[in-house]
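Novice:
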Amino acid sequence: MAEPERRRARPPVSCSLCRKRKIKCDREVPCGNCVRSKSKSCSYEALQAYAAYTNSRKQASQSRPNHAIPHLNSISAINQSSDKSHGLLNDASSSDVSDVATQGTSQSNDTTNTPLSSATSPTSHEIETMRTKIRYLEDQLSKDRSEGIDRNAFPTPMYSVETITTELAGAFTAEFPGLSSSQSKAASNSVFHKGRLFGQSHWINGVAVFGDIFDLIEPVLRDPTSKMKVGMQRCKYLGRLIKMQREPSWPVQPTLDLPPRHVADKLVECYLRTIETLYRIVHIPSFKQEYESLWESNSNVDLAIVVQVKLALAIGAATYDDQFSMRSSAIRWVYEAQTWCSSPEFKSRLNLRSLQNQCLLLIAREMVNVGAGLVWIAAGELLRSAIYMGLHRDPTWFPRATPLKIEMSRRLWNTILEICVQSSIQSGAPPLLSMEQFDCQPPRNFDDDQLMTDDPVPKPESVLTQSSVAIALRSTLPSRLRVVHFLNDLGSTKSYQDALRLDNQLRTAYRVMCRTLRSLTPDSGGATLKFAINAVEVLIRHYLSTLHVPFLGTSNDDTAYAYSRKVVIDNSLKIWCTVYPSTTLVQDGLGSPQRMERDADDFARLSICGLGFFRSVAFQSTMLIALELRAQSHDEYGLGPSPLRPDLLSALDESIAWAMRCIEAGEVNVKGYFFTSVVSCLIRMRDASQEELLKTVVKTAEDLIDECLPILERQAGIDESMEQGAGQDKDTGQGPKSLSVDMFDDWDLMMTDAQFTFESTGPMSWMVENEGSGEMMPW
21 MAEPERRRAR
31 PPVSCSLCRK
41 RKIKCDREVP
51 CGNCVRSKSK
61 SCSYEALQAY
71 AAYTNSRKQA
81 SQSRPNHAIP
91 HLNSISAINQ
101 SSDKSHGLLN
111 DASSSDVSDV
121 ATQGTSQSND
131 TTNTPLSSAT
141 SPTSHEIETM
151 RTKIRYLEDQ
161 LSKDRSEGID
171 RNAFPTPMYS
181 VETITTELAG
191 AFTAEFPGLS
201 SSQSKAASNS
211 VFHKGRLFGQ
221 SHWINGVAVF
231 GDIFDLIEPV
241 LRDPTSKMKV
251 GMQRCKYLGR
261 LIKMQREPSW
271 PVQPTLDLPP
281 RHVADKLVEC
291 YLRTIETLYR
301 IVHIPSFKQE
311 YESLWESNSN
321 VDLAIVVQVK
331 LALAIGAATY
341 DDQFSMRSSA
351 IRWVYEAQTW
361 CSSPEFKSRL
371 NLRSLQNQCL
381 LLIAREMVNV
391 GAGLVWIAAG
401 ELLRSAIYMG
411 LHRDPTWFPR
421 ATPLKIEMSR
431 RLWNTILEIC
441 VQSSIQSGAP
451 PLLSMEQFDC
461 QPPRNFDDDQ
471 LMTDDPVPKP
481 ESVLTQSSVA
491 IALRSTLPSR
501 LRVVHFLNDL
511 GSTKSYQDAL
521 RLDNQLRTAY
531 RVMCRTLRSL
541 TPDSGGATLK
551 FAINAVEVLI
561 RHYLSTLHVP
571 FLGTSNDDTA
581 YAYSRKVVID
591 NSLKIWCTVY
601 PSTTLVQDGL
611 GSPQRMERDA
621 DDFARLSICG
631 LGFFRSVAFQ
641 STMLIALELR
651 AQSHDEYGLG
661 PSPLRPDLLS
671 ALDESIAWAM
681 RCIEAGEVNV
691 KGYFFTSVVS
701 CLIRMRDASQ
711 EELLKTVVKT
721 AEDLIDECLP
731 ILERQAGIDE
741 SMEQGAGQDK
751 DTGQGPKSLS
761 VDMFDDWDLM
771 MTDAQFTFES
781 TGPMSWMVEN
791 EGSGEMMPW
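Each number in our numbering comes from the position in the sequence shown (counting from 1) with 20 added on.
(1) On a Cα-Cα basis, can you pick out the residue from I553, A580, F506 that is closest to T566?
(2) Can you tell me where the alpha helix (DSSP H) holding S636 begins and where it ends?
(3) Run through the DSSP bridge pairs and tell me what S800 is partnered with.
(4) Taking Cβ positions, are L402 and Q376 nearer each other than 8 Å?
(5) Does DSSP put A671 in a helix, in a strand, or in coil?
(6) Ends of the alpha helix (DSSP H) at R585?
(7) Can you tell me the Cβ-Cβ gap for T359 and V283, rounded? I've got them flagged as a contact below 8 Å.
(8) Enumerated in chain order, which unbroken segments of the beta strand (DSSP E) with a length of 3 residues or greater are wholly contained in the segment 508-553?
(9) Applying the 10 Å Cβ sphere with the 16-neighbour rule, what's the burial state of S12?
(10) So, is S592 buried or exposed, given that buried needs 16 or more other C-beta atoms within 10 angstroms?
(11) Does DSSP put V483 in a helix, in a strand, or in coil?
(12) Is it the case that the Cβ atoms of S653 and R734 are separated by a distance below 8 Å?
(13) With the cut-off set at 8 Å, would you say A519 and S499 are in Cβ contact?
(14) Report yes or no: do the segment 680-696 and the segment 721-731 share at least 3 C-beta pairs separated by less than 8 Å?
(15) Can the beta-carbon of V240 be found less than 8 Å from the beta-carbon of I224?
(16) Give me the Cβ distance between V441 and L484, rounded to the nearest whole Å; I'm assuming they're in contact under 8 Å.
(17) From the DSSP output, in three-state form, read off E195 for me.
(18) What does the alpha-carbon distance come out to for the pair T275 and R352?
(19) Short check: CB of Y299 to CB of A492, under 8 Å?
(20) What are the partner residues of L217, as DSSP defines its beta bridges?
(21) Let's test the definition: count the other Cβ atoms within 10 Å of the Cβ of S758 and tell me whether it reaches 16, buried, or not, exposed.
(22) Given that a residue counts as buried once 16 or more other Cβ atoms are within 10 Å of its Cβ, and exposed if not, what is K586?
(23) With C-beta atoms as the reference, is A334 less than 8 Å away from F344?
(24) For the alpha helix (DSSP H) that contains D622, what are its first and last residues?
(25) Would you decide whether V532 is buried or exposed? Buried here means 16 or more other CB atoms lie within 10 Å of its CB.
(26) Restricting to Cα atoms, I'd like to know which of Y516, T513, T422 is closest to P476.
(27) How many angstroms separate the CA atom of L647 from the CA atom of E712?
(28) Would you report the Cα separation of T720 and I237, rounded to the nearest angstrom?
(29) Considering only the beta carbon of each residue, do N508 and G410 sit closer than 8 Å?
(30) With C-beta atoms as the reference, is F633 less than 8 Å away from Q446?
(31) Quick check on the burial criterion: 16 or more other C-beta atoms within 10 angstroms. Buried or exposed for W270?
(32) Could you pull out every unbroken beta strand (DSSP E) segment of at least 3 residues lying fully inside the segment 222-292, listed in chain order?
(33) By how many angstroms is the C-alpha of G219 removed from the C-alpha of E195?
(34) Less than 8 Å between the beta carbons of C701 and V718, yes or no?
(35) Please state whether the Cβ-Cβ distance between R413 and C460 is less than 8 Å.
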């Protein structure tokens with residue numbers, strides 16, 4: 021009978037000297053104690069013994085080829101590899117290991133007569149010893165990396181940074197992807213401009229494609245006496261003056277002053293038939309009841325209700341008429357709401373009413389251009405407030421949840437998600453949100469009147485309600501969120517295969533949503549879909565187009581991304597037809613042909629009068645159409661002339677007229693109109709020489725300035741004699757010293773630099789107060 025195998029002692033992990041002195045060893049090579057004691061040798065017996073053991077096992081396995089013996093890698097090979105890559109063992113310790121390994125090999129022949137079970141099969145303790153050594157080497161590797169020893173472990177970033185400085189646009193610092201098979205240099209990864217970093221979904225990343233336009237007009241703009249530069253300085257001054265006249269002095273305390281009743285009624289109707297059909301924020305019966313109470317009594321009115329009503333009026337003012345005649349009043353209402361939200365009252369604002377007002381405030385800021393380009397920052401605060409109140413959890417988890425509270429919580433959370441994702445893709449910033457961070461269910465198919473009862477039953481999905489569009493749009497949120505992460509996250513690989521996969525997912529979700537909306541049948545006639553369908557159409561197609569913009573080729577020769585070019589142009593053209601419907605037959609969102617009158621269409625009017633998402637989407641679509649036309653104009657295939665697509669040319673011409681209508685409606689930044697007109701001029705003169713091009717572009721720019729100046733002067737209300745008496749020199753375009761700024765620092769064509777420096781509580785009637793604490797509970 022074979023003797024039982026003797027268990028080995030736990031292998032030492034300290035070096036020989038530290039183990040002999042019985043002091044703690046840091047297990048470095050050499051260790052700290054040996055370094056301080058100036059010891060010439062710092063060796064580890066465990067490594068040496070294990071080397072001898074593995075060599076003996078190797079010799080034993082070679083002497084018994086007929087037996088299945090587990091193969092173990094030699095520790096000497098591990099030591100050599102780690103020494104070569106990371107410097108974990110010095111020369112002395114490596115030689116010691118080699119000597120011991122040699123001795124172990126010569127002694128391994130004595131073990132040939134031992135039983136197979138004890139001589140060839142490693143015990144569990146031996147396997148654990150090997151694992152200990154592997155963990156030791158891994159620890160040393162991680163320490164070296166943390167100390168910066170292994171600098172070659174990090175690959176060189178595959179991107180290039182270029183800085184473009186122009187007199188017209190200022191300085192752009194663009195990050196371009198590396199030259200690889202899955203990336204194109206048609207658009208940059210990000211652009212740093214005016215102290216802001218714009219991700220890939222922002223339209224400014226395509227500016228580099230039009231660099232030749234800047235090069236063409238740069239000499240003219242550097243001439244201080246040129247009529248074009250003087251005229252643009254004059255337009256810039258007038259734009260600054262108009263914005264100063266519109267903006268009230270902050271803080272603007274909320275008041276009970278409202279416009280005349282017939283005007284206010286129409287503004288509320290404009291809001292309810294447009295934005296409220298897309299983003300469910302208020303409970304319409306309760307909102308109308310509170311609105312009526314403002315006209316019945318001016319005393320004991322909750323200031324939060326006043327703020328909510330004025331925000332609805334400000335949003336409705338964007339579709340009130342074609343000239344945005346109530347812009348100044350809308351800006352003042354937004355300032356009042358910002359003052360109320362900025363008051364130092366924190367716990368009392370953790371209620372649904374405050375969340376409603378914050379949602380309305382962000383939308384109104386975009387519509388009337390009060391810090392429109394910085395909404396993404398405020399959306400983060402809104403999201404965190406909602407999470408802190410528990411809206412990211414389904415309200416059925418909480419006690420005392422009535423049907424009204426449950427549905428309003430779900431609607432508000434759904435709207436907050438839309439605001440966050442939409443502001444993210446518009447500003448080119450990461451969403452900082454994922455689907456795994458919440459479990460709140462989508463809203464159910466209720467009309468608002470149903471929520472006034474105790475036990476309402478949701479209507480079938482095929483029945484149209486006031487929440488149908490919001491529910492259908494929510495089904496596409498996961499796909500859209502993945503697209504925004506793909507475009508704007510820092511660690512995104514942005515491979516073409518990933519883009520095609522996301523394209524397929526978003527198209528599938530969009531087709532399902534379209535089938536759902538087509539199958540809706542009106543029930544009570546209380547819900548309208550015209551504005552919401554157009555908004556959803558533009559929103560989804562913008563995601564599809566933006567997803568493929570990074571892969572656009574710079575010429576028709578680039579066939580690798582032909583599908584991306586087709587997707588971008590098709591969706592851009594459909595977006596433009598929705599934003600600016602012509603007199604031809606246009607398919608509406610439900611698939612039925614109808615003749616759409618531009619002046620009577622709320623969505624088209626909103627894109628002209630209001631700023632924000634839909635205006636910037638329209639502008640980006642026109643730039644992508646112009647990019648395709650330029651690519652076609654440079655097509656060198658064939659001996660004859662290469663005709664341009666007439667539908668794209670028509671859209672580009674309409675975009676010039678659209679930009680002028682925006683200026684007539686109160687837009688003070690003329691650079692969008694200027695840039696679109698210059699691009700159109702260059703496309704039509706593709707065969708002209710450089711001198712002819714420059715002459716034509718300069719003449720076109722001067723005509724544009726002569727066209728814009730009377731409009732801006734009329735909006736500013738400037739009297740010529742008063743202006744000159746105040747120190748205005750019309751010939752030089754210089755204004756008062758208080759307005760002395762860089763005339764070309766505002767290149768955000770659709771995102772102006774209007775700054776704002778921005779109080780009374782009142783919970784909603786359904787809010788429940790926490791007894792004994794005096795704090796408002798969100799349920």
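Even glycine gets a Cβ: it sits at the ideal position worked out from N, Cα and C. Keep in mind that this is a model prediction, so the values were computed, not measured.
Specialist: Short version:
(1) Taking each of I553, A580, F506 in turn and checking the Cα distance to T566, the smallest one comes out for F506.
(2) From DSSP, the alpha helix (DSSP H) with S636 extends over 633-653.
(3) Examination of residue 800 is not possible in this model, given that the chain is present from 21 through 799 alone.
(4) Cβ distance not < 8 Å, so L402 and Q376 don't count as in contact.
(5) Of the three classes helix, strand and coil, the one that applies to A671 here is helix, per DSSP.
(6) 582-599 is the extent of the alpha helix (DSSP H) around R585.
(7) With a contact defined as Cβ atoms closer than 8 Å, T359 and V283 miss out at about 23 Å.
(8) Runs found: none.
(9) Beyond the ends of the chain as shown, which are 21 and 799, falls residue 12; an answer cannot be given.
(10) S592 is buried by the Cβ-count criterion.
(11) DSSP, read as helix, strand or coil, puts V483 in strand.
(12) Judged by beta-carbon spacing, R734 lies beyond the 8 Å limit of S653, meaning their Cβ atoms are not closer than that value.
(13) Inclusion of A519 and S499 in the CB contact set at 8 Å is not warranted, their separation being larger than that value.
(14) Touching, per the Cβ criterion.
(15) It is not a contact, given that the beta carbons lie outside the stated cut-off.
(16) Between V441 and L484 a beta carbon distance of about 25 Å is seen, past the 8 Å cut, so the two are scored as non-contacting.
(17) E195: strand per DSSP, three-state reduction.
(18) C-alpha separation (whole angstroms): 11 Å.
(19) Against a cut-off of 8 Å, the Cβ pair of A492 and Y299 comes out as no contact.
(20) Within the DSSP bridge table, the entry for L217 names F212 as partners.
(21) In this predicted model, S758 has a pLDDT of only 40, less than 50, meaning its place in the structure is not dependable enough to derive any value.
(22) Exposed.
(23) In this structure, F344 does not lie closer than 8 Å to A334 by Cβ.
(24) In this chain, the alpha helix (DSSP H) harbouring D622 covers 622-629.
(25) Exposed: under 16 other Cβ atoms inside 10 Å.
(26) In terms of CA proximity to P476, T422 leads the group Y516, T513, T422.
(27) In a straight line, the C-alpha of L647 is about 21 Å away from that of E712.
(28) Taking the straight line from one Cα to the other gives about 12 Å.
(29) The Cβ atoms of N508 and G410 lie no closer than 8 Å to each other.
(30) Yes.
(31) With fewer than 16 other CB atoms across the displayed protein chains lying within 10 angstroms of its CB, W270 is exposed.
(32) The segment 222-292 contains no complete beta strand (DSSP E) run of 3 or more residues.
(33) The straight-line gap separating the alpha-carbon atoms of E195 and G219 is approximately 10 Å.
(34) No. Outside cutoff.
(35) In this structure, C460 lies closer than 8 Å to R413 by Cβ.
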